[in-house]
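Here is the structure we will look at.
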Amino acid sequence: MQLGYTILYVPDVPATLRFYEAAFGLTTRFLHEGGDYGELDTGSTTLAFSAHRLMQQLGKNPQAANAHAPCFEIALCTPDVPAALAQAVAAGATPMRPVEVMPWGQTIAYVADINGFLVELCTPMA
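If you're matching positions, the sequence shown starts at 7 in my numbering and goes up one per residue.
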């Protein structure tokens, strides 16, 4: 098996896609005509978003994300974490942890997206 995609439940899919384009330089690969589902071009694993209302129609009970009490994080790799952090904050991300070099040599920083999801900005692992 391999991981195919991750779907995050959000209140507004088009706004979330616009944010991820501005904050992280990703591009929208697909947005359903109804606006309730969309995908970003992120490489081999798709990052997708589905509207809370659609999930409710499907019998699910989506909860709002909370970057202060996350149950997971999204990690986006970049060779320039300080520049990525500045771009994300300029686009409306909330800084959660400043740029830091970890003992194993990886550079990281954290932001919260406009929906409260925790996003790690990091250099690739060797």
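Backbone N, C-alpha and C define an ideal beta-carbon position, used for all residues, glycine too.
Since this is a predicted model, take the numbers as computed values, not measurements.
Fewer than three Cβ pairs drawn from the segment 85-101 and the segment 41-55 lie within less than 8 Å of each other, which leaves the two stretches out of contact. The beta-carbon separation of Ile114 and Thr22, rounded to 23 Å, does not stay under the 8 Å limit for a contact.
Per the coordinates, the alpha-carbon of Gly98 lies some 30 Å from the alpha-carbon of Ala132. For Gln63 and Ala71, the gap between their C-alpha atoms comes out near 19 Å.
In the three-state DSSP reduction, Phe25 falls in the helix class (H, G or I). Cβ contact annotation for Pro20 (same chain, cutoff 6 Å, sequence separation greater than five): Gly41, in chain order.
DSSP lists Cys128 as the bridge partner or partners of Cys83.
Residue burial annotation: Tyr11 is exposed, with fewer than 16 other C-beta atoms found within 10 angstroms of its C-beta.
DSSP places Phe30 within a helical segment (H, G or I) once states are collapsed to three. With contacts defined by Cβ atoms closer than 8 Å, Ala94 and Leu124 do not form a contacting pair. Beta bridge pairing from DSSP links Pro101 with Val117.
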